[in-house]
Structure formats: C-alpha cells, structure tokens
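Asker: Under numbering that gives the first Met the number 0, the first residue of the sequence shown is numbered 0, with each subsequent residue one higher.
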Amino acid sequence: MKDSWGPLKALAVASAVNGIGDIVLCSFLGYGIAGAAWATMVSQVVAGYMMITSLNKKGYNAYTISIPSLDDLQTIFGLAAPVFIMMMAKVAFYALIIYFVTNMGTHTAAAHQVMIQTYCMCTVWGEPLSQTAQSFMPELLYGINKNLPKARMLLKSLVIIGASLGLILGIVGTSVPWLFPNIFTSDRKVIHEMHKVLAPYFFALAVTPATHSLEGTLLAGRDLKFVSLSMSGCFSLGAVVLLVISP
0 MKDSWGPLKA LAVASAVNGI GDIVLCSFLG YGIAGAAWAT MVSQVVAGYM MITSLNKKGY
60 NAYTISIPSL DDLQTIFGLA APVFIMMMAK VAFYALIIYF VTNMGTHTAA AHQVMIQTYC
120 MCTVWGEPLS QTAQSFMPEL LYGINKNLPK ARMLLKSLVI IGASLGLILG IVGTSVPWLF
180 PNIFTSDRKV IHEMHKVLAP YFFALAVTPA THSLEGTLLA GRDLKFVSLS MSGCFSLGAV
240 VLLVISP
C-alpha cells in the first residue's frame, strides 16, 4: 500500500503510551515488572487499533473475519515464508552467539551486550532501504508495469545509498565504543573486550545497510528457494565460524 505514515503514527503513539505507562505504573504506583508488561500490552492494543482505523479509512473492512481459502493460504504462504525463514535464521544465529558468549565469562558477556545493543541501534537505519525495495520492486519485477531496467536502476540506487550510509554508520558506530567507552562502562576488562572486536564490528556495520536493500529485493522477488538456501548457508557458515573461534 506504500503507506508509511500510518504505521509511523501508530508507532509514535504506542511508544508514548508505553513510556507514560511505565512511568505511572512502575515509578508512581510501584507495580514493577508487572506494570511494565501491562503498559506494553496496552501500547500494542492502541497501535493495532490505529492501524485498523487507517485501513478502514482506505476503504478496507479490517474487522471482517472470514475463513481463508486454499488459494488465499497459498498466497499468504508465498508472501510470509521468505520473511519467516529470513527472520528465523537471524534469530537463531543471534541466540547461538549469546550461547557462546555466556560461556566465555562475565566480562565478555557484558562487552557483548554493549556492542550488540549499539549495533542494533545503528542497523535500524538500513531498514527503510529494505522496506523501499519490498514496496516498489514487485510491480517492476512482475506487475502490470513490469520494467526490469527500472528495477535494476532502483536496486543500484539502493545499494549505493546503503554503501554510503554503511560507511557513515561504521565510522560513527565504531568511534563511540572506541573513543568513549566510559559511556557504557568503567570496567577496564569489559572495555578491553569491546576493543578486541572493533574491526569486525566496523565491517558488519558498513555492509549491513546495503545488505538490507538486497534482502528487500529478494523478498520482493518471492524466490523462496534462493532465500532458504542463502539464509541456511549464512547460518551454517556463521555457526562453523563460532565453533572454530570459540575457546
């Protein structure tokens, strides 16, 4: 639908509701973790309601409930399966990293938490490239207005933007834990562990935005076989590397 404002408004309102709810329930009323859970639940309900309202304004009846046919299920599977495989491969690999890190000592685990949180903050900047590819690529690849030269031009532009953005994120994202590690911790051993991974950390930040544009293009193409093989291969290779380098 190429509607970025609807989800953005819902996310902004949900974040505000969640933040206010956390402050009121946890700080003033003393509900602790239960209060945080309730605030999160309410914010998700508010976000869902706003998205449903946005769909209704566009002429859809989001409250209609019906049993999908086999053709509908097949269409949904074709759309959701590549995303599911890609997300599961990433989640499984991150879980594997955490498993190995927790066996490497307290200082390594603390350094990992700092670096992975900083990494996540930086990599979200590349997500719009993936969303752009998923929104505009399908009609250029196999829609009524199919135009492969335009699709290649769009992909080229997204990769160039991703490479430029990745270089900036790599420099900024690496400079913070390198030059200002005391923002996160004053423990010298944790800082030492952080500095040991700065080189691969910079490389990961630099290539991620461009990778997002390629992922979005693959998802738009709905090539389930290639997505499955590529993500399975990446997960397997990453697991082997972890086994080799782990003490």
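C-beta atoms are modelled at their ideal positions from N, C-alpha and C, and glycine is treated no differently.
1. Quick check: the segment 188-201 against the segment 95-113, are at least 3 beta-carbon pairs closer than 8 Å?
2. Would you kindly work out how many angstroms separate the C-alpha atoms of ILE32 and ILE160, rounded to a whole number?
3. Between PHE76, GLY232 and PRO67, which lies nearest to LEU218 when the distance is taken from Cα to Cα?
4. Label PRO208 either buried or exposed according to how many other C-beta atoms from any shown protein chain fall within 10 Å of its C-beta, with 16 as the threshold for buried.
5. State the start and end residues of the unbroken alpha helix (DSSP H) segment that holds LYS56.
6. Taking just the CA atoms, how far does VAL12 sit from ALA205?
7. Which term fits ASN55, buried or exposed, when burial requires 16 or more other beta carbons within 10 angstroms of its beta carbon?
8. Between PHE135 and LEU153, which are expected to be in contact by the criterion C-beta below 8 Å, what is the C-beta distance as a whole number of angstroms?
9. Measuring alpha carbon to alpha carbon, tell me which of THR39, GLU192, GLN130 and PRO180 ends up nearest VAL16.
10. Measuring only from the beta carbon, is ILE160 closer than 8 Å to any heavy atom that is part of the ligand NAD?
11. Is the segment 86-98 close to the segment 167-185, with three or more CB pairs under 8 Å?
12. Measure the Cβ-Cβ separation of LEU164 and GLY125 and say whether it is below 9 Å.
Answerer: Straight from the coordinates:
1. yes
2. 41 Å
3. PHE76
4. buried
5. 32-56
6. 32 Å
7. exposed
8. 6 Å
9. THR39
10. Ligands in the displayed structure: none, and consequently the ligand NAD is not present.
11. no
12. yes
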